[in-house]
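Engineer: Mind looking over this structure? Questions follow.
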Amino acid sequence: EAQVTQNPRYLITVTGKKLTVTCSQNMNHEYMSWYRQDPGLGLRQIYYSMNVEVTDKGDVPEGYKVSRKEKRNFPLILESPSPNQTSLYFCASSSGAGRTGELFFGEGSRLTVL
Amino acid sequence: AQTVTQSQPEMSVQEAETVTLSCTYDTSESDYYLFWYKQPPSRQMILVIRQEAYKQQNATENRFSVNFQKAAKSFSLKISDSQLGDAAMYFCAYRRSSFGNEKLTFGTGTRLTIIP
Chain H
78 EAQVTQNPRY LITVTGKKLT VTCSQNMNHE YMSWYRQDPG LGLRQIYYSM
128 NVEVTDKGDV PEGYKVSRKE KRNFPLILES PSPNQTSLYF CASSSGAGRT
178 GELFFGEGSR LTVL
Chain Y
602 AQTVTQSQPE MSVQEAETVT LSCTYDTSES DYYLFWYKQP PSRQMILVIR
652 QEAYKQQNAT ENRFSVNFQK AAKSFSLKIS DSQLGDAAMY FCAYRRSSFG
702 NEKLTFGTGT RLTIIP
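From first to last, the protein sequence lines are chains H and Y. Going left to right, the first sequence walks through residues 78 to 191 as the numbering used here numbers them. Going left to right, the second sequence walks through residues 602 to 717 as the numbering used here numbers them.
Next up, the structure:
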């Protein structure tokens with residue numbers, strides 16, 4: 078089954094404790110991206126990757142890091158989480174061909190930073 | 602920068618009736634994609650319908666259809682014969698068609714309630 082898998086689905090942590098949210102896709106997609114969803118703001122892009130070792134900032138990259146060492150994986154790293162990073166996070170991928178325009182989303186990761 | 606506006610934070614409709622969700626967007630591009638995503642309580646983002654800007658014909662998917670007005674930059678979603686399972690948050694989204702960052706620009710969402 079084609080899917081984007083995120084882990085953990087739920088996490089409560091404390092300020093300053095480094096954490097990583099993993100994202101893996103099994104569709105051999107070149108393009109991957111992270112979004113955060115906040116009430117009243119919709120979803121906003123954090124980082125994206127066009128291919129292995131190619132990453133770039135989205136609209137709200139502050140406080141986040143990413144890496145793309147393998148095509149299937151695109152982890153989101155919070156080096157020193159703060160309460161304003163409490164949010165719902167989505168990983169997404171697409172074939173990168175640009176024609177279909179469809180992003181496939183993971184099931185979301187609810188992060189709470191105390 | 603592109604922006605997407607959903608001016609209805611909440612909507613409600615009687616089961617089996619028809620409801621229309623509004624979306625406007627702003628862009629200087631001539632070619633792009635528009636989407637409606639559904640987010641039920643499970644939080645999953647589900648693609649409902651997609652429209653390519655170069656196509657004049659409005660997209661339809663079963664009970665879901667859009668009214669795409671390119672000159673007015675309007676992209677509304679019509680849900681016919683509303684069902685209880687349609688209750689969700691609905692997001693309108695825009696994407697440039699050019700190669701590169703396939704970023705979706707989302708609206709703030711419309712929460713749809715279905716009244717039995």
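In this text, a Cβ means the ideal position worked out from N, Cα and C, and glycines have one as well. These figures come from a predicted structure and were not determined experimentally.
Taking Ser159 of chain H as the reference, give the member of H:Pro116, H:Gly93, H:Arg86 and H:Phe182 with the closest Cα.
Structural biologist: Selected option, being the one with the closest Cα: H:Gly93.
Engineer: Assign Asp687 of chain Y to one of three DSSP states: helix, strand, or coil.
Structural biologist: Of the three classes helix, strand and coil, the one that applies to Asp687 of chain Y here is helix, per DSSP.
Engineer: So with CB distances below 7 Å, who are the chain Y contacts of Val122 of chain H?
Structural biologist: What sits at residue 122 of chain H in the sequence shown is Gln, not Val. Within chain Y, the residues near Gln122 of chain H are Lys704.
Engineer: Using a Cβ-Cβ distance under 9 Å, would Ala169 of chain H count as near chain Y?
Structural biologist: Judged by the 9 Å Cβ criterion, Ala169 of chain H is in contact with chain Y.
Engineer: Return the residue from the list H:Cys100, H:Asp133, H:Gly119 and H:Arg113 that minimises the CA-CA distance to Asn702 of chain Y.
Structural biologist: It is H:Asp133.
Engineer: Relative to the C-alpha of Ile647 of chain Y, which residue among Y:Lys656, Y:Tyr655, Y:Val667 and Y:Trp637 is closest?
Structural biologist: Closest option to Ile647 of chain Y, Cα to Cα, is Y:Trp637.
Engineer: Name the residues in the segment 648-676 of chain Y whose C-beta lies less than 8 Å from a C-beta of chain H; which are they?
Structural biologist: Residues passing the 8 Å Cβ filter: Leu648, Arg651 and Glu653.
Engineer: Does Met612 of chain Y get closer than 9 Å to chain H when you measure Cβ to Cβ?
Structural biologist: Judged by the 9 Å Cβ criterion, Met612 of chain Y is not in contact with chain H.
Engineer: List the residues of chain H whose Cβ lies closer than 9 Å to the Cβ of Arg712 of chain Y, in chain order.
Structural biologist: Near Arg712 of chain Y there are no residues of chain H at all, since even the closest Cβ is about 11 Å away, more than 9 Å.
Engineer: Leaving out five residues before and five after Arg697 of chain Y in sequence, what residues of the same chain have Cβ atoms less than 7 Å from its Cβ?
Structural biologist: The answer, listed in chain order, is Glu630 and Tyr633.
Engineer: Below 8 Å on the Cβ atoms is my contact criterion, and I expect Leu165 of chain H with Gln114 of chain H to pass it. Report the Cβ-Cβ distance as a whole number of Å.
Structural biologist: Right, the Cβ-Cβ distance comes to about 4 Å (below 8 Å), so this counts as a contact.
Engineer: Nearest by alpha-carbon distance to Asp136 of chain H: which of H:Asn128, H:Arg145, H:Trp111 and H:Asn105 is it?
Structural biologist: Closest option to Asp136 of chain H, Cα to Cα, is H:Trp111.
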